[in-house]
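Right, one structure below, let's go through it.
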Amino acid sequence: MSAFPEEAVLLLHGAWMNRWVMSYLALALRREGFAVQTLSYRTMRGTLAEHLARVAEKIAALKAQRLHLVGHSLGGVIVLRYLQRGADPRVRRAVLLGS
Numbered sequence: 026m027s028a029f030p031e032e033a034v035l036l037l038h039g040a041w042m043n044r045w046v047m048s049y050l051a052l053a054l055r056r057e058g059f060a061v062q063t064l065s066y067r068t069m070r071g072t073l074a075e076h077l078a079r080v081a082e083k084i085a086a087l088k089a090q091r092l093h094l095v096g097h098s099l100g101g102v103i104v105l106r107y108l109q110r111g112a113d114p115r116v117r118r119a120v121l122l123g124s
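Using my numbering, you'd call the opening residue of the sequence shown number 26 and step up by one each time.
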């Protein structure tokens with residue numbers, strides 16, 4: 026048995042928000058047995074390339090066997106670009122909310 030969680034979800038918030046807006050969704054996913062991570066990024070100050078680099082670093086640091094990405098608004102755009110550029114092979118699903 027692996028010491029790492031089997032399934033993890035990374036939640037990415039939308040423009041003008043921060044990771045705390047995903048708290049209720051994170052709680053619901055944790056109750057379903059997922060290891061949940063969130064990431065705050067400065068939506069109006071960083072470039073898309075900078076956001077993608079931070080997301081890639083965060084994903085690389087996750088130790089789960091399977092990963093799922095959920096992005097709201099701008100977070101969904103970042104998820105799509107991440108997938109287009111060649112995602113981590115552990116990524117299984119992407120859910121885009123209002124993107």
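Yeah, the Cβ is synthetic: ideal placement off N, Cα and C, and Gly gets one too. These figures come from a predicted structure and were not determined experimentally.
Taking only the alpha-carbon atoms, compute the straight-line gap between residue i and residue j and give it to the nearest angstrom.
i, j, result
"Gly-96", "Gln-62", "12 angstroms"
"Trp-41", "Met-69", "7 angstroms"
"Glu-93", "Tyr-49", "Sequence inspection shows His at residue 93; the Glu mentioned does not correspond to that position. If I take the Cα positions, the gap works out to 17 angstroms."
"Met-26", "Glu-57", "Its pLDDT being 45, under 50, Met-26 is placed unreliably by the model, and the measurement read from it follows with that caveat. Distance between the alpha carbons of Met-26 and Glu-57 is about 20 angstroms."
"Ala-85", "Val-46", "23 angstroms"
"Val-34", "Gly-71", "23 angstroms"
"Leu-77", "Leu-108", "10 angstroms"
"Leu-87", "Ser-98", "23 angstroms"
"Gln-90", "Arg-118", "13 angstroms"
"Leu-73", "Val-116", "20 angstroms"
"Leu-52", "Glu-75", "28 angstroms"
"Leu-105", "Arg-67", "18 angstroms"
Going by DSSP, what residues sit across from residue i in a beta bridge?
i, result
"Glu-31", "BP columns for Glu-31 are empty, so no partner."
"Gly-96", "Leu-37 and Leu-121"
"Val-116", "Leu-92"
Mind checking which residues open and close the alpha helix (DSSP H) that includes residue i?
i, result
"Ala-51", "48–56"
"Leu-77", "73–86"
Excluding the five sequence neighbours on either side, which residues of its own chain have a C-beta within less than 8 angstroms of the C-beta of residue i, listed in chain order?
i, result
"Arg-44", "Leu-36, His-38, Thr-63, Leu-64 and Ser-65"
"Lys-83", "Leu-35, Gln-62 and Leu-64"
Provide the residue span of the beta strand (DSSP E) that contains residue i, from first to last.
i, result
"Ala-60", "60–64"
Within the same chain, show all residues whose beta-carbon is closer than 7 angstroms to that of residue i, passing over the 5 residues directly before and after it, in chain order.
i, result
"Leu-54", "Val-34 and Val-61"
Counting only the same chain and skipping the five closest in sequence on each side, list residues whose C-beta sits under 6 angstroms from that of residue i.
i, result
"Asp-113", "Ile-84"
For residue i, decide whether its Cβ has a neighbour in chain B, counting only Cβ atoms nearer than 7 angstroms.
i, result
"His-93", "Checking the listed chains, one finds no chain B in this structure; it contains a single protein chain."
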